[in-house]
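Chains as they are written, first to last, in this note's numbering: chain A, 1 to 390; chain B, 1 to 395.
Just so it is clear, CB atoms sit at the ideal spot from N, CA and C, and this is done for glycine as well.
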Amino acid sequence: MQVYLDNSATTRQYDQVTDTMIEMMRESYGNPSSLHLMGVEAEKKVRASRKIFASAIGASEDEVYFTSGGTESDNTVLNGVAESRKRYGKKIITTKVEHPAILEPARRLESMGYTVEYIGVDKQCRLNMEQLASAIDDDTVLISIMGVNNETGTIMPMKEIAALKDRYNKEHKTDILLHSDAVQAFGKIPMNLKSDFRGVDFLSVSGHKIHGPKGIGGLYVRKGINLTPFMIGGGQERHMRSGTENTPGIVGFGKAMELMQGDFAGRTEKMAAARNFLLEGIKSEIRDVIINSPEDGAPSVLNVSFLGTRGEVLLHTLETDGIYVSTGSACSSNKKGQSHVLEAMGLKFKEIEGAIRFSFSEFNTMEEMEYTLEKVKAAVARFRKLGSFR
Amino acid sequence: MNEQNILIVRCGEVALKGMNKPYFEKMLADRIKGNLKEFGGGISVKRQEGLIFVRADKELDIKAIIKQVSKVFGVASISQAVEAPSDIEAIGEEAVKYMMNLIEEKGVQTFKVEGKRADKTFPVKSPEIGRVIGAAVLKGCKVLKVNVHEPDVLLHVDVRSDRTYIYDAKIQGFGGLPLGTNGKGMVLLSGGIDSPVAAWMMAKRGMLIEAVHFHSYPYTSPRAQEKVEDLARIVASYCGRFKMHCVNLLPIQEQIVQNCPEEETTIHVRMFMMRIAERIARDNGCMMLITGENLGQVASQTAEALVVTDSAVSMPVMRPLIAMDKTDIMDKAQEIGTFETSIQPYEDCCTVFLPKHPTTKPKLEKILEAESVLDIEGLVEAAVKAKEVINIFPE
Numbered sequence: 001m002q003v004y005l006d007n008s009a010t011t012r013q014y015d016q017v018t019d020t021m022i023e024m025m026r027e028s029y030g031n032p033s034s035l036h037l038m039g040v041e042a043e044k045k046v047r048a049s050r051k052i053f054a055s056a057i058g059a060s061e062d063e064v065y066f067t068s069g070g071t072e073s074d075n076t077v078l079n080g081v082a083e084s085r086k087r088y089g090k091k092i093i094t095t096k097v098e099h100p101a102i103l104e105p106a107r108r109l110e111s112m113g114y115t116v117e118y119i120g121v122d123k124q125c126r127l128n129m130e131q132l133a134s135a136i137d138d139d140t141v142l143i144s145i146m147g148v149n150n151e152t153g154t155i156m157p158m159k160e161i162a163a164l165k166d167r168y169n170k171e172h173k174t175d176i177l178l179h180s181d182a183v184q185a186f187g188k189i190p191m192n193l194k195s196d197f198r199g200v201d202f203l204s205v206s207g208h209k210i211h212g213p214k215g216i217g218g219l220y221v222r223k224g225i226n227l228t229p230f231m232i233g234g235g236q237e238r239h240m241r242s243g244t245e246n247t248p249g250i251v252g253f254g255k256a257m258e259l260m261q262g263d264f265a266g267r268t269e270k271m272a273a274a275r276n277f278l279l280e281g282i283k284s285e286i287r288d289v290i291i292n293s294p295e296d297g298a299p300s301v302l303n304v305s306f307l308g309t310r311g312e313v314l315l316h317t318l319e320t321d322g323i324y325v326s327t328g329s330a331c332s333s334n335k336k337g338q339s340h341v342l343e344a345m346g347l348k349f350k351e352i353e354g355a356i357r358f359s360f361s362e363f364n365t366m367e368e369m370e371y372t373l374e375k376v377k378a379a380v381a382r383f384r385k386l387g388s389f390r
Numbered sequence: 001m002n003e004q005n006i007l008i009v010r011c012g013e014v015a016l017k018g019m020n021k022p023y024f025e026k027m028l029a030d031r032i033k034g035n036l037k038e039f040g041g042g043i044s045v046k047r048q049e050g051l052i053f054v055r056a057d058k059e060l061d062i063k064a065i066i067k068q069v070s071k072v073f074g075v076a077s078i079s080q081a082v083e084a085p086s087d088i089e090a091i092g093e094e095a096v097k098y099m100m101n102l103i104e105e106k107g108v109q110t111f112k113v114e115g116k117r118a119d120k121t122f123p124v125k126s127p128e129i130g131r132v133i134g135a136a137v138l139k140g141c142k143v144l145k146v147n148v149h150e151p152d153v154l155l156h157v158d159v160r161s162d163r164t165y166i167y168d169a170k171i172q173g174f175g176g177l178p179l180g181t182n183g184k185g186m187v188l189l190s191g192g193i194d195s196p197v198a199a200w201m202m203a204k205r206g207m208l209i210e211a212v213h214f215h216s217y218p219y220t221s222p223r224a225q226e227k228v229e230d231l232a233r234i235v236a237s238y239c240g241r242f243k244m245h246c247v248n249l250l251p252i253q254e255q256i257v258q259n260c261p262e263e264e265t266t267i268h269v270r271m272f273m274m275r276i277a278e279r280i281a282r283d284n285g286c287m288m289l290i291t292g293e294n295l296g297q298v299a300s301q302t303a304e305a306l307v308v309t310d311s312a313v314s315m316p317v318m319r320p321l322i323a324m325d326k327t328d329i330m331d332k333a334q335e336i337g338t339f340e341t342s343i344q345p346y347e348d349c350c351t352v353f354l355p356k357h358p359t360t361k362p363k364l365e366k367i368l369e370a371e372s373v374l375d376i377e378g379l380v381e382a383a384v385k386a387k388e389v390i391n392i393f394p395e
């Protein structure tokens with residue numbers, strides 16, 4: 001049996017997405033910028049995808065752009081705001097548990113004279129809201145906080161964060177902007193700019209985390225905000241993102257979003273059922289574990305520390321059974337390979353060492369979860385027996 | 001005929017081999033040809049008067065060719081030369097041209113000529129050659145001065161029966177003996193710094209190599225094995241393609257951990273490694289084992305520990321690094337290009353089986369007694385049977 005439980009890393013592409021892309025490559029390969037009919041046809045299909053994207057997040061068509069993925073969208077926002085708002089202030093606020101696509105550009109901005117404040121989290125990766133509230137000041141130009149943490153599934157309270165920002169802006173006559181890296185939230189939790197994500201000014205999403213293609217992503221920029229583009233050239237994507245459109249990627253991404261929106265509740269319920277089954281099974285049948293994901297986390301992720309084991313060894317043991325998971329640390333005795341997220345949560349070395357992340361999709365079945373539970377139990381027992389003298 | 005670059009390749013130790021000299025020279029020429037295959041045609045390799053001449057069309061990248069030739073074991077040194085007819089005036093003209101080039105390219109100011117005649121019928125004697133050609137160069141290149149003690153360029157004029165060769169620099173090869181002139185050995189290749197160097201050193205003495213690699217999957221990462229394959233490919237760039245046998249030790253390690261004293265774990269594991277390597281070596285026509293062991297480096301490489309591991313096999317075990325210092329081994333690894341790959345951090349999952357206080361002075365009788373509870377033959381047999389063979393090609 002093959003059980004794929006690494007859906008936060010990437011997902012299996014929907015077959016319909018693949019079919020759509022093949023057709024796009026074989027037949028509708030025109031360049032949307034071309035004046036002739038083939039160009040018009042490609043442009044139409046891109047436009048249809050844009051419409052789906054906009055409606056999926058509650059935005060309008062002229063607020064969304066296609067990029068090469070989450071990393072590009074994140075980089076565009078951080079670098080773009082730093083450039084277009086450099087006269088407003090020199091401070092950026094983010095969290096300790098962001099994806100490197102946020103943390104690395106933030107570090108580079110620090111070296112260029114920006115101040116970056118990294119907000120901490122608790123043992124289950126919940127954001128320290130008090131620290132955030134006191135961090136915001138008149139020098140702040142951007143707050144960037146992820147929608148869902150990729151390692152624990154913790155949901156960040158985006159609505160409250162946005163309200164905090166709006167209140168500050170109103171009281172202090174500032175114009176602080178809010179970005180959310182929603183790569184792990186998209187398709188996992190309700191994420192509408194008119195309700196749950198109200199007040200968010202920029203949003204990054206990615207295709208391959210929602211059973212779409214790799215190499216394609218999206219960026220939302222609230223209307224009226226001037227953001228300096230990252231890629232400049234031919235002026236595609238209304239000058240926000242130059243470069244010939246990745247038409248098969250865009251159309252495939254559109255298809256994936258269409259399917260995702262089709263039965264959002266049904267799909268997330270399947271993930272939640274798989275996650276909860278495994279969670280309950282692990283809690284009741286394996287001793288000495290720590291659950292690093294909060295009860296009210298996203299249905300897509302379950303992070304568990306199996307004390308007295310090594311995550312990577314469990315991972316390789318499970319892969320021999322056809323089960324694919326990921327770890328909180330690469331196997332090495334040095335600190336380098338350790339997850340910065342688990343570290344920021346204050347986990348001890350031994351807890352990080354034994355951490356495994358299971359991440360789910362709608363394709364996971366109960367039968368798979370029963371099989372996984374049994375194999376995890378065996379792998380943990382085997383390791384503890386052999387490694388016990390350490 | 002196309003214009004050609006000429007390399008003079010000197011054979012070093014091969015020249016000492018007496019009656020077998022033609023055999024060694026032929027092997028060496030064949031190895032050089034083999035290492036130049038990737039350049040396609042346009043290269044000739046010929047033996048002549050104890051030297052090997054490589055002639056390559058001018059369009060070919062001569063630096064890359066020199067690099068490939070210098071990797072061949074048995075090559076002592078290489079010089080890029082120009083040739084002239086063996087006529088003292090013609091030689092003078094060619095020498096002037098050669099020096100003009102060096103003045104232009106390197107701003108050479110002083111020189112000295114070293115003449116030599118392998119052809120004793122040549123009318124000018126060796127010391128005389130230096131003087132005559134030196135005078136011609138001085139006349140032809142007005143900016144140059146002679147400096148017999150510390151010349152910028154020591155210009156060699158090597159007069160042979162039909163042609164004369166002019167060159168200055170010597171590029172050192174590794175020396176050693178041509179591959180395949182000294183049997184075949186099975187190296188225990190770990191992925192660390194030492195074992196690739198050990199394999200390389202034995203290959204340099206003419207020994208063909210085959211390798212066995214032990215892993216503990218799933219307790220070690222598949223990427224660790226990829227790293228070993230990368231290392232093996234670097235070694236293969238010197239000694240040609242070879243087979244690597246990959247053996248999973250985990251079932252044996254599990255038996256040892258559960259049945260033998262903790263502090264002896266490592267030594268038991270090493271004895272099994274030797275036994276398995278010996279078995280595979282026999283099956284594949286290898287006459288010796290090769291390890292990267294180094295006296296006193298770790299607990300399993302103390303004198304006492306080596307005595308114990310050695311006793312596990314009857315085949316001779318070559319340990320070319322045994323008396324080297326770690327820094328010297330690291331320098332060697334840098335030189336042959338394996339160091340950077342060796343230090344990638346993948347293998348420490350194996351440390352799951354490392355005892356806290358490994359024994360440094362194991363006693364053979366005690367070790368043998370401890371492992372007598374294990375089905376040694378059966379475990380070795382099963383491990384060999386489950387092995388995987390990978391063909392390693394030069395990178």
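Within the same chain, and ignoring the five residues on either side of K58 of chain B in sequence, the residues whose Cβ sits closer than 7 Å to its Cβ are N2, E3, Q4 and N5.
As computed with DSSP, V157 of chain B is found in a beta bridge with B:G115 and B:I166.
Close CB contacts of G254 of chain A within its chain, under the 6 Å cut and outside five residues either way in sequence, are with S49 and I52 (chain order). At a Cβ-Cβ threshold of 8 Å, K204 of chain B and G176 of chain B count as neighbours. Residues P105 and F230 of the same chain have their beta carbon placed closer than 7 Å to that of N79 of chain A, with the five preceding and five following residues left out of the count. Following the DSSP letters along the chain, one finds P358 of chain B in no beta strand (DSSP E), marked with neither H nor E. A Cβ-Cβ separation of about 27 Å leaves F73 of chain B out of contact with F214 of chain B under the 8 Å criterion.
The beta carbon of S221 of chain B sits closer than 8 Å to some beta carbon of chain A. In the same chain as G252 of chain A, and ignoring 5 residues on each side of it, the C-beta atoms closer than 8 Å to its own belong to Q13, V17, T18, T20, M21, M24, G207, G212, P213 and I216, in chain order.
Taking a Cβ-Cβ threshold of 7 Å, none of the residues of chain B is close to E237 of chain A; the smallest such distance is about 38 Å. Among the residues facing chain B, E319 of chain A is included, as its CB has a counterpart in that chain under 8 Å away.
The beta-bridge partner set that DSSP reports for T67 of chain A consists of A:G217. Secondary structure in the stretch 231-282 of chain A: no beta strand (DSSP E) run of 3 residues or longer lies completely within the stretch. Listed along the chain, the chain A residues whose CB falls inside 7 Å of the CB of P362 of chain B amount to none; the nearest CB is some 18 Å away.
In this structure H99 of chain A is buried. Its beta-carbon is surrounded by 16 or more other beta-carbon atoms within 10 angstroms. Chain order gives the chain A residues near E254 of chain B as L386, where near means a beta carbon separation below 8 Å. Residue pairing by DSSP places R10 of chain B opposite B:L51 and B:S77 in a beta bridge. By the neighbour-count definition (other C-beta atoms within 10 Å, threshold 16), V54 of chain B is a buried residue. The residues I256, C260 and E371, in chain order, have a CB closer than 6 Å to that of H268 of chain B in the same chain once the five nearest residues on each side in sequence are set aside.
If you check the CB distance, I102 of chain A and D181 of chain A come in under 8 Å. Counting C-beta atoms within 10 angstroms of its own C-beta, Y220 of chain A has 16 or more neighbours from the protein chains shown and is therefore classed as buried.
With respect to chain A, the C-beta atom of Y165 of chain B has no partner C-beta closer than 8 Å. Secondary structure at Q338 of chain A: strand, using DSSP grouped into helix, strand and coil.
The alpha helix (DSSP H) runs lying completely inside the stretch 74-128 of chain A and spanning 4 residues or more are 100-111, given in chain order. The beta carbon of R167 of chain A sits closer than 8 Å to none of the beta carbons in its chain outside the five residues before and after it.
With contact defined as three or more Cβ pairs closer than 8 Å, the stretch 245-254 of chain B and the stretch 306-321 of chain B are not in contact. A residue is called buried when at least 16 other Cβ atoms come within 10 angstroms of its Cβ; S204 of chain A meets this threshold and is buried.
Nearest to K145 of chain B by alpha-carbon distance, out of B:K116, B:L179, B:T110 and B:I129, is B:T110. Against chain A, a Cβ distance below 7 Å from V257 of chain B picks out L386. DSSP, reduced to helix, strand and coil, places K142 of chain B outside both helices and strands of the structure shown, so it counts as coil. Counting only residues of its own chain and dropping the five nearest sequence neighbours on each side, E285 of chain A has a CB closer than 8 Å to the CB of L373 and K377. Taking 8 Å as the threshold, the shortest C-beta distance from H316 of chain A to chain B falls below it. When Cβ-Cβ separations below 8 Å define contact, E353 of chain A makes no contact with chain B. Neighbours of Y217 of chain B across chain A, judged by C-beta separation under 7 Å: H316. Annotated three-state conformation of F214 of chain B is strand, per DSSP. The alpha-carbon separation between A185 of chain A and M191 of chain A amounts to approximately 7 Å.
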